[in-house]
Amino acid sequence: MLLNRLKAGGPAIAKQGILVAFILFMIVFSLMSDRFLTPDNVMSVFRQSAIIGVMALGVTIVVIGGNLDLSVGSMLSFATVLVVDLHDKVGPELAIPIMVLATLCLGAINGFLIGILRLNSLIVTLGMLSAIQGLVLIYSGGQNVDIVDQRGTWFAIFGRGSILGIAAPIIIFGLLAIIFHVIMTTTPFGRKVYAVGGNPTASVFSGIPRSRIVFTTYLISALCVAVAAIILGSRVMGSQNNVGQGYELQVLAAVILGGTSLLGGAGSILKTVLGVLMLAFIQNGLILMGQPYYTQWLVTWAVIIVAVWLDVAAKRGRLFSPIA
Amino acid sequence: MSNLTDITPLRWLMRNPIWGFVLLVFIFFSLMSDHFFDYRNFQNILVQTSTIGLIALGMTLVMINGNIDLSVGATLALAAAFAVDVQSWAMFATWGNWQILPAVCLALLVGLLMGAINGFIVWKTGVDAFIVTLGAMLGIRGLVFVYTGESSFYAMNFAYSDFSALSIGPLPVLAVIFLLCTLIVHLVLSRTVHGRNTYAVGGNREAAVNAAIRVGPHMMINFMIIGFLAALSGVLLSTQMGAATPNLGRDYELWVITAVVLGGTKLTGGKGDIIGTLGGVLAIGILRNGMNLMQVPAFYVYVILGSILIAVLFLDKRFNRTADGGLRL
């Protein structure tokens, strides 16, 4: 069987399943469309994936810490509406710090409820998803907001600017990915997040401040959402009050595709980047092939299940679950 | 559960605190709003509740079983689209009002099928239900958009949209269907082998396997039940609107999970019951209705519901430390 060969032939390859799948996808798509692997197209896919990508970085760290964050979508709506609305009222140099602080407060509420009070993260962030969506609507009065003077503001550089021909969102996403990768792989904080996610009880016995670590992971997640909101707001120069609706799923799909275990304790920032890019390339490839937009969701469904299935199968050493 | 009859109402309330909450908000809105305490408004609440309520019944089974289903909103939309679209297929053109029958049957079958797919994947691959149904939530929604071509369907046959206005005796027909389903699912859960095994699998899967309970089929049946109920809910919702939109049922999984958790069903499985879920569903229904009547902007409802959900979680944690058998979560 394929799986046994994989196990005997090279556990290294089985471990890099997501990378193999990614390369396979790229080859198939580039054979089917000659516009797929052009520099312009690749760059535009990178740019489009930046917003979900930045959010996925934060969620990856939360998930490695053994929790979930479903509130990032609502939080993105909140942060984008806030920064766009404040832009015309107090100017961008004040709007950005106010928005970042407000978003961090929401992250702190998540972190307090889940890290300090030890409540179930799925339900807490589900409740926050609803509560924050309500907050956005109350704040905006149900109106969409936009920036009046779109040409004359430096706020545009985050979404529309570029350095050396590379679009700003790509640079932000890339930089954050490298920073978080370094943090997670080389610092004590990173190791503690893995420890807390892998075995909470053992981590407490080894003197790791579990509550504080979990709290911090939610702050990081909120920070990532704030950065994503700056990119989104600057790119669109306006915001609907439900702009982030459903983002939590796309983000979680990318994180899961990257092989991060929902049980916590395992996962990697770089693989999440691969997951994000894979979803973005699937979306792009299907559109280039002339498929309806929503076909990508169908393909995502299959890809997620097959990817996680192979991952689970490789760990237990047999393809099908042994339960009767 | 079997000794419900020989405990006093007060102790029963202690065990089902959500019903205490239902009573509280009921009294509150009766005093605060002139229009709340009205028989026709009660009918309204039951009809409004039935959509979320039907799915919540299924979610209770799935969650007691130790799984979760995030794809119900998408399944609802798919079933509604089928129910409205199939009526106007040319092959049923001469059927008159009977053209509704194959449409509804097909819609319910689609729901069963979606549930079966979810259940089968969870059973055979061993991938966590959260991931499987998260994928299905995206995938089935994609299916809805591709099938409907991203536009709404309208029911041409008025008998279909008139159905929701019918009453059986004093109750609207939608409320009757909901209450009937509640009774059936309650009996399935509390009186049948399948119900008992559902608790067993959710409570301790290892032990259930050792006791020769076939874990997989039970999980699959529960997923099929929730798929069917989500489809039924979609059909009933589309009769109320006379139409099916591709965005129908968005965020319903959140409302449903909120209701079920409020009703005291444990996310980790093994605990919970339909009586609690009915309370949770009614609590949300009464809150939404009452705040509407008091002209609280709909935006605040989101904030209040989210806060209540978190507050319940918090109270439960405090409660359970001191006394077992309080709020079960």
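These protein sequence lines are chains A and B, in that order. The first sequence runs 194 to 517 under our numbering. The second sequence runs 666 to 994 under our numbering. Backbone N, C-alpha and C fix where the C-beta goes; we use that ideal spot for every residue, glycine too. Only a predicted model underlies this, so the values are computations on that prediction, with no experimental measurement involved.
Quick one, which of the options has its alpha-carbon nearest residue i's?
i, options, result
"Val407/A", "Asn392/A, Ile220/A and Ala506/A", "Asn392/A"
"Val317/A", "Thr493/A, Val213/A and Tyr411/A", "Tyr411/A"
"Ala214/A", "Lys508/A, Arg511/A and Leu472/A", "Leu472/A"
"Ile413/A", "Ile220/A, Ala249/A and Leu217/A", "Ala249/A"
"Val422/A", "Ala506/A, Gly308/A and Ser267/A", "A quick correction: the sequence has Ala, not Val, at residue 422/A. Closest by alpha carbon: Ser267/A."
"Ser223/A", "Ser514/A, Phe474/A and Gly308/A", "Phe474/A"
"Asn783/B", "Leu902/B, Met906/B, Ala963/B and Asn887/B", "Asn887/B"
"Ile289/A", "Ser333/A, Trp347/A, Asn303/A and Tyr332/A", "Trp347/A"
"Leu711/B", "Ala948/B, Ile939/B, Met724/B and Ala801/B", "Ala948/B"
"Asn954/B", "Leu902/B, Gly814/B and Arg705/B", "Arg705/B"
"Tyr864/B", "Gly738/B, Pro962/B and Val727/B", "Val727/B"
"Leu980/B", "Pro381/A, Ser226/A and Leu312/A", "Leu312/A"
"Asn477/A", "Leu212/A, Ile216/A and Leu230/A", "Leu230/A"
"Asn1038/B", "Met821/B, Arg680/B and Gly800/B", "Since the first residue shown for chain B is 666 and the last is 994, residue 1038/B is missing from the structure and cannot be characterised."
"Ala924/B", "Leu808/B, Leu848/B and Thr716/B", "Thr716/B"
"Gly458/A", "Ile257/A, Pro515/A and Gly334/A", "Ile257/A"
"Ile975/B", "Ile480/A, Val293/A, Glu441/A and Leu315/A", "Leu315/A"
"Phe1079/B", "Val946/B, Pro962/B, Gln960/B and Glu918/B", "With chain B represented from 666 up to 994, any question about residue 1079/B goes unanswered, as that position is not in the structure."
"Asp827/B", "Leu901/B, Gly738/B and Ala873/B", "Leu901/B"
"Gly431/A", "Val247/A, Val276/A and Met225/A", "Val276/A"
"Ala909/B", "Ala768/B, Ile729/B and Leu688/B", "Ala768/B"
"Val341/A", "Ala419/A, Leu479/A and His280/A", "His280/A"
"Leu913/B", "Gly934/B, Asn957/B, Val737/B and Thr673/B", "Val737/B"
"Ile462/A", "Val386/A, Gly308/A and Gly335/A", "Val386/A"
"Val469/A", "Pro232/A, Thr493/A, Val375/A and Gln484/A", "Thr493/A"
"Val329/A", "Gln438/A, Gly358/A and Arg428/A", "Gln438/A"
"Gly335/A", "Ala517/A, Phe305/A and Val436/A", "Val436/A"
"Val448/A", "Gly246/A, Asn234/A, Ser237/A and Thr273/A", "Gly246/A"
"Leu445/A", "Gly800/B, Phe843/B and Pro835/B", "Gly800/B"
"Val966/B", "Leu357/A, Ile331/A and Gly251/A", "Ile331/A"
"Val252/A", "Ala415/A, Ile350/A and Arg344/A", "Ala415/A"
"Leu803/B", "Glu441/A, Phe218/A, Ile424/A and Leu369/A", "Glu441/A"
If you measure from the CB of residue i, is any heavy atom of the ligand FAD nearer than 7 angstroms?
i, result
"Asn706/B", "With respect to the ligand FAD, the structure offers nothing, as it holds no ligand at all."
Give me whichever residues DSSP pairs with residue i in a beta bridge.
i, result
"Tyr819/B", "Ala908/B"
"Ser832/B", "Pro837/B"
"Ser898/B", "Paired residue(s): none; Ser898/B is not in a bridge."
"Val338/A", "Ser432/A"
"Ala360/A", "Ser355/A"
By the criterion of Cβ-Cβ separation under 7 angstroms, what are the contact partners of residue i in chain D?
i, result
"Gly881/B", "Of the chains in the structure shown, none is chain D; the protein chains are A and B."
Relative to chain A, which residues along the stretch 786-800 of chain B have a C-beta separation below 8 angstroms, given in chain order? Along the stretch 786-800 of chain B, the positions whose C-beta sits under 8 angstroms from a C-beta of chain A are Ile786, Trp788, Lys789, Thr790, Gly791, Val792, Asp793, Phe795, Ile796, Val797, Leu799 and Gly800, read in chain order.
Taking any Cβ of chain B, which residues in the stretch 301-327 of chain A have a Cβ under 7 angstroms from it, in chain order? Leu306, Leu310, Leu312, Asn313, Leu315, Ile316, Val317, Leu319, Gly320, Met321, Leu322, Ser323, Ala324, Gln326 and Gly327
Assess, as a yes-or-no matter, whether the stretch 770-781 of chain B is touched by the stretch 740-755 of chain B under the definition of 3 or more beta carbon pairs within less than 8 angstroms. yes
What runs of the beta strand (DSSP E), each 3 residues or longer, lie entirely inside the stretch 250-308 of chain A? none
Contact set between the stretch 466-489 of chain A and chain B, restricted to residues whose Cβ is under 8 angstroms from the partner: Pro485, Tyr486, Tyr487, Thr488 and Gln489
At a Cβ cut of 8 angstroms, what residues of the stretch 498-513 of chain A count as close to chain B, listed as they run along the chain? Correct list: Ile498, Val501, Trp502, Val505, Ala506, Arg509 and Phe513.
Got a sec: which bits of the stretch 909-922 of chain B sit with their beta carbon under 7 angstroms from any beta carbon on chain A, in order along the chain? Leu919 and Ile922
Fully enclosed by the stretch 676-763 of chain B, which alpha helix (DSSP H) runs are 4 residues long or longer? 682-697, 704-729 and 737-751
Can you check the stretch 421-509 of chain A for any alpha helix (DSSP H) of at least 4 residues that lies completely inside it and give the ranges in chain order? 440-450, 462-481 and 488-509
Near-chain A residues of the stretch 922-939 of chain B - C-beta to any C-beta below 8 angstroms: Ile922, Thr923, Val926 and Leu932
For the stretch 801-826 of chain B, which residues have a CB atom closer than 9 angstroms to at least one CB atom of chain A, in sequence order? Ala801, Met802, Leu803, Gly804, Ile805, Arg806, Gly807, Leu808, Val809, Phe810, Val811, Gly814 and Glu815
In the stretch 849-874 of chain B, which residues sit with their C-beta less than 7 angstroms from some C-beta in chain A, listed in chain order? So the list reads Val874, given in the order they occur along the chain.
Measuring CB atoms only, is the stretch 952-971 of chain B touching the stretch 321-338 of chain A, in the sense that at least three cross pairs come out at less than 8 angstroms? yes
Mind the definition here: the stretch 675-684 of chain B touches the stretch 874-891 of chain B only if three or more C-beta pairs lie below 8 angstroms; say whether that holds. no
Of the residues that make up the stretch 239-260 of chain A, which ones have a beta carbon closer than 7 angstroms to any beta carbon in chain B? Result list empty, no residue passes.
Using Cβ-Cβ distances below 8 angstroms, what residues of the stretch 446-458 of chain A are close to chain B? Ala446, Ile449 and Leu455
Taking only beta carbons into account, state which residues of the stretch 327-356 of chain A come closer than 8 angstroms to chain B, listed in chain order. Gly327, Leu328, Leu330, Ile331 and Gly335
I'd like to know if the stretch 449-464 of chain A and the stretch 288-307 of chain A are in contact, where contact means that at least 3 CB-CB pairs between them fall below 8 angstroms. no
Cβ pair count under 8 angstroms reaching 3, the stretch 481-493 of chain A against the stretch 805-816 of chain B: Contact between the stretch 481-493 of chain A and the stretch 805-816 of chain B is present: three or more C-beta pairs spanning the two stretches fall below 8 angstroms.
Would you call the stretch 846-856 of chain B in contact with the stretch 694-701 of chain B, where contact means no fewer than 3 C-beta pairs closer than 8 angstroms? no
What residues in the stretch 948-976 of chain B have a beta carbon less than 9 angstroms from any beta carbon of chain A? Result list: Pro962, Ala963, Phe964, Tyr965, Val966, Tyr967, Val968, Ile969, Leu970, Gly971, Ser972, Ile973, Leu974, Ile975 and Ala976.
Along the chain, which unbroken stretches of the alpha helix (DSSP H) at least 4 residues long are found entirely within the stretch 911-994 of chain B? 917-927, 939-958 and 963-987
Mind listing which residues of the stretch 269-281 of chain A have their C-beta closer than 7 angstroms to chain B's C-betas, in chain order? none
Closer than 7 angstroms, Cβ to any Cβ of chain A: which residues of the stretch 671-701 of chain B, in chain order? none
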